[in-house]
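Participant: Numbering (our numbering), first residue to last: 107 to 615.
Glycine included, every Cβ here is placed at the ideal spot set by N, Cα and C.
Mind looking over this structure? Questions follow.
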């Protein structure tokens with residue numbers, strides 16, 4: 107997107123009245139048509155994802171402009187509400203959001219103000235496994251965490267771990283140390299925290315340990331939440347390859363052996379990567395370890411016993427097809443986004459965010475009372491979108507849970523970080539931290555196909571409803587941010603004054 111810096115022009119005071127009137131009318135027409143064209147441009151630049159048939163057709167564009175020309179009573183009138191509705195309609199169709207009030211909720215998202223207050227707010231990043239969260243944790247260190255004092259970033263509450271659970275004792279120790287040194291409680295420097303540990307719910311019977319600590323030790327802070335989510339099939343593929351089966355490590359070792367022989371690495375079955383053969387090696391390694399008398403943990407001991415009884419102990423690791431047909435999928439990979447907001451819809455009880463284990467293991471959202479795809483979409487637009495501040499873990503009428511002030515989507519990392527800078531008024535980094543990026547992408551290396559993705563979509567409609575609604579929210583926030591930035595430029599604000607805008611990345615999108 108190209109942003110145009112506004113400037114003031116000058117005109118002659120000597121003019122004939124009739125000509126002046128014509129100029130005003132002509133200018134009004136041009137302004138109105140320009141606003142429509144700006145709308146169309148905004149619809150095109152929302153992002154580079156496929157929109158399909160939902161982009162306004164040339165015929166509709168022509169009709170819209172002709173209608174504008176024939177409606178002089180609207181010339182020069184603000185078109186913000188109309189722009190929001192047009193964009194919301196396009197975005198809802200693009201992501202196939204079917205809940206009846208989708209457009210209204212997306213318009214509310216356009217109208218929602220960014221009310222982050224750094225002196226008042228404290229936000230917690232709930233890091234779901236394999237969602238790009240390690241990079242975001244490091245990203246937080248170098249933005250809201252500045253400055254670094256010893257081993258800690260001053261703005262980040264100690265006890266935060268980029269790839270671990272929150273250490274409550276470490277956090278309390280640092281808080282007490284500062285208080286003993288004379289820091290007033292209201293002057294504690296912490297702005298944020300991060301961990302695999304969740305914050306919500308902070309009220310009700312399932313109140314988390316993290317919520318209790320924060321409320322007791324930082325009573326003057328308004329607690330808020332941020333998170334990351336990932337396309338549901340890729341989310342499962344990555345968890346399967348690294349956490350459940352350890353395939354990333356096996357593939358890396360395999361390619362290291364190839365490199366020693368002067369061979370190129372291979373990253374997919376079509377290139378000759380035989381994941382099932384690597385699973386055989388993994389199985390034999392464990393069996394040899396058990397038979398040698400080496401120390402093994404309880405799970406490994408059971409696996410060796412099963413192997414002795416003729417069980418293919420890593421059958422679910424051999425391919426996506428094996429996983430999707432295996433009981434291990436039902437045990438671990440159902441409704442994996444339960445840990446995101448704590449529930450999928452208002453009919454569910456809050457829970458499941460305190461410690462999102464590597465194995466997940468949630469009940470199926472589709473079997474919960476009150477479930478429908480439309481209800482999940484609606485709830486996601488309201489809760490993850492930060493629109494409904496009445497949601498409470500204590501039930502209807504209870505105190506509000508921390509709202510989601512920001513979230514990112516793994517596949518849209520650039521847009522996500524641009525919004526982070528903008529929302530938290532943080533100076534853009536020269537380079538976004540990247541961690542645990544695999545040379546061989548798990549979706550490709552293990553052989554996930556379009557057919558496998560379709561199976562996951564059929565198995566997990568709730569997770570896909572959350573993901574689609576989240577993308578719709580992100581589209582709105584990107585479009586709104588661009589409009590706000592352009593409005594500031596038009597008002598004479600310099601790019602330098604908007605130090606929190608990542609101009610290079612934004613204009614490249």
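#1: Just to check my reading of the structure: residue 553 and residue 398 have Cβ atoms closer than 8 Å, yes? What is that Cβ distance to the nearest angstrom?
#2: According to DSSP, is residue 227 helix, strand or coil?
#3: Residue ranges of each alpha helix (DSSP H) run of no fewer than 4 residues wholly in the segment 402 to 477, ordered along the chain?
#4: Would you kindly check if the distance between the Cβ of residue 491 and the Cβ of residue 334 is under 8 Å?
#5: Could you tell me whether the Cβ atoms of residue 203 and residue 574 are closer together than 8 Å?
#6: Take residue 486 and list the residues in its own chain whose beta-carbon comes closer than 6 Å to its own, dropping the five residues that flank it on each side.
#7: Would you give the residue range spanned by the beta strand (DSSP E) that residue 193 belongs to?
#8: With distance defined between alpha-carbon atoms, name the residue in 269, 287, 270 and 227 nearest to residue 261.
#9: Mark residue 314 as exposed unless 16 or more other C-beta atoms lie within 10 angstroms of its C-beta, in which case mark it buried.
#10: When DSSP builds the beta bridges, which residues end up paired with residue 333?
#11: Answer with buried or exposed for residue 256, where buried requires no fewer than 16 other C-beta atoms within 10 angstroms of its C-beta.
#12: Only counting the same chain, and skipping five residues up and downstream in sequence, which positions put a Cβ closer than 6 Å to that of residue 115?
#13: With residue 468 and residue 442 assumed to form a contact (beta carbons below 8 Å), what rounded beta-carbon distance in angstroms separates them?
#14: Taking contact to mean 3 or more Cβ pairs, one atom from each stretch, closer than 8 Å, check whether the segment 239 to 253 and the segment 524 to 542 are in contact.
#15: Could you tell me which residues DSSP pairs with residue 255 in its beta bridges?
#16: Pick from 488, 418 and 415: whose alpha carbon is nearest that of residue 450?
#17: Between the segment 368 to 385 and the segment 578 to 594, do three or more beta carbon pairs fall short of 8 Å?
#18: Identify the continuous alpha helix (DSSP H) that holds residue 314 and give its terminal residues.
#19: Determine the extent of the alpha helix (DSSP H) in which residue 552 is found, giving its start and end residues.
#20: Taking the DSSP output, what are the residues bridged to residue 298?
#21: Considering only residues of the same chain and omitting the five flanking positions on each side of residue 616, which have a CB-CB separation below 7 Å?
#22: Go through its chain and collect everything with a Cβ distance to residue 362's Cβ below 6 Å, but skip five positions before and after it.
#23: Measuring alpha carbon to alpha carbon, tell me which residue in 340, 439, 448 and 409 is nearest residue 304.
#24: Just the C-alpha distance for residue 330 and residue 509, rounded to the nearest angstrom, thanks.
Facilitator: In brief:
#1: The Cβ separation is near 32 Å, so there is no contact.
#2: Strand.
#3: Entirely contained in the segment 402 to 477, the alpha helix (DSSP H) runs reaching 4 residues are, in chain order, 404 to 414, 426 to 430, 433 to 438 and 444 to 447.
#4: No, these two residues do not count as a Cβ contact at 8 Å.
#5: yes
#6: 572 and 575
#7: Counting along the chain, residue 193 falls outside any beta strand (DSSP E), though it belongs to the alpha helix (DSSP H) covering 186 to 200.
#8: When each option's Cα is compared against that of residue 261, the closest is 227.
#9: Buried, because 16 or more other Cβ atoms sit within 10 Å of the Cβ of residue 314.
#10: Residue pairing by DSSP places residue 333 opposite 232 and 513 in a beta bridge.
#11: exposed
#12: With a pLDDT of only 44 at residue 115, under the threshold of 50, the placement of this residue in the model should not be trusted; the figure read from the coordinates follows. Here the set comprises nothing.
#13: At roughly 7 Å, the Cβ-Cβ gap stays under 8 Å, so residue 468 and residue 442 are in contact.
#14: Contact holds: three or more Cβ-Cβ distances are below 8 Å.
#15: Answer by DSSP bridge pairing, in chain order: 258.
#16: 488
#17: no
#18: Careful: residue 314 lies outside any alpha helix (DSSP H) and carries neither H nor E.
#19: Here residue 552 belongs to no alpha helix (DSSP H), and DSSP marks it neither H nor E.
#20: In the DSSP assignment, the residues bridged to residue 298 are 229 and 262.
#21: Limits of the chain in this structure are 107 at one end and 615 at the other, which puts residue 616 out of reach.
#22: Cβ neighbours of residue 362 beyond the five flanking positions: none.
#23: Comparing Cα positions, the closest option is 448.
#24: Roughly 5 Å separates the two Cα atoms.
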